[in-house]
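Read through the structure below, which is laid out as C-alpha cells, and then see the notes.
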Amino acid sequence: MDLDRACFRRASRPADDLSYGWGSQSQWRTSFPRFYADEAGLHLNWDGAIDIGEDPPHRPAGRLEDEVPLDERRELLLHRCFVRPALPLDEDDRFPYNDRLSLTTAEWPMNPDAIVRTQRPE
Numbered sequence: 022m023d024l025d026r027a028c029f030r031r032a033s034r035p036a037d038d039l040s041y042g043w044g045s046q047s048q049w050r051t052s053f054p055r056f057y058a059d060e061a062g063l064h065l066n067w068d069g070a071i072d073i074g075e076d077p078p079h080r081p082a083g084r085l086e087d088e089v090p091l092d093e094r095r096e097l098l099l100h101r102c103f104v105r106p107a108l109p110l111d112e113d114d115r116f117p118y119n120d121r122l123s124l125t126t127a128e129w130p131m132n133p134d135a136i137v138r139t140q141r142p143e
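For the sequence shown, this note's numbering gives the first residue as 22, with consecutive numbering after it.
Below, the structure is given as C-alpha cells:
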C-alpha cells in the first residue's frame, strides 16, 4: 500500500488536498486546515477567508464572486467530497480551501438552522 496516498483514500470518490501531488515534502509546506468543535459548534476550515454560513457569503476585498452554488460549496466543505447522486460536471475543478463554515450539527441534508454565525478573531 502506498502510505503517502492512503491518507487521501475515499471509497470510489476522488479526494483532493492542497498538499497532494507537489512532491514528497509538500505536506509540510501547505497550511494546516483547522476543523474543530467547541461549545459554539463544529468549525470547518476555521482559517478560511470566506464565511459560507452567510447568504450571500461576505468576500474579502479584491476577491471575485464565486459562481459555484452555495449548497454545493457547503456540501464539499462538510464532506470533503460530493455525496449527492448527480455529481456536478466540474466536480474536479473546485477550490474549497478558502471557505469556512460553523455548524451545530453535521447532518445531511444540511438544516439551515444548524448554521452558526460566528466572528473570527483577526
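The beta-carbon is built from N, C-alpha and C at its ideal position, and this holds for glycine as well.
Residue burial classification, residue i (beta-carbon count within 10 angstroms, cutoff 16)
i	result
Ser123	buried
Asp120	buried
Glu96	buried
Pro117	buried
Leu110	exposed
Asn66	buried
Cβ pair residue i, residue j closer than 8 Å
i	j	result
Arg138	Gly74	yes
Arg55	Val89	no
Leu63	Ala127	yes
Leu98	Asp76	no
In DSSP terms, what residue i is bridged to
i	result
Ala58	Leu63
Arg80	Answer is none; Arg80 lacks a bridge partner.
Asp120	Ile71
Cβ contact check for the stretch 99-111 and the stretch 72-82: 3 or more pairs under 8 Å:
no
Worksheet item: Whole alpha helix (DSSP H) runs in the stretch 87-116 with 4 or more residues, listed along the chain?
Response: Assignment of alpha helix (DSSP H) within the stretch 87-116, counting only whole runs of 4 or more residues, yields 91-100 in chain order.
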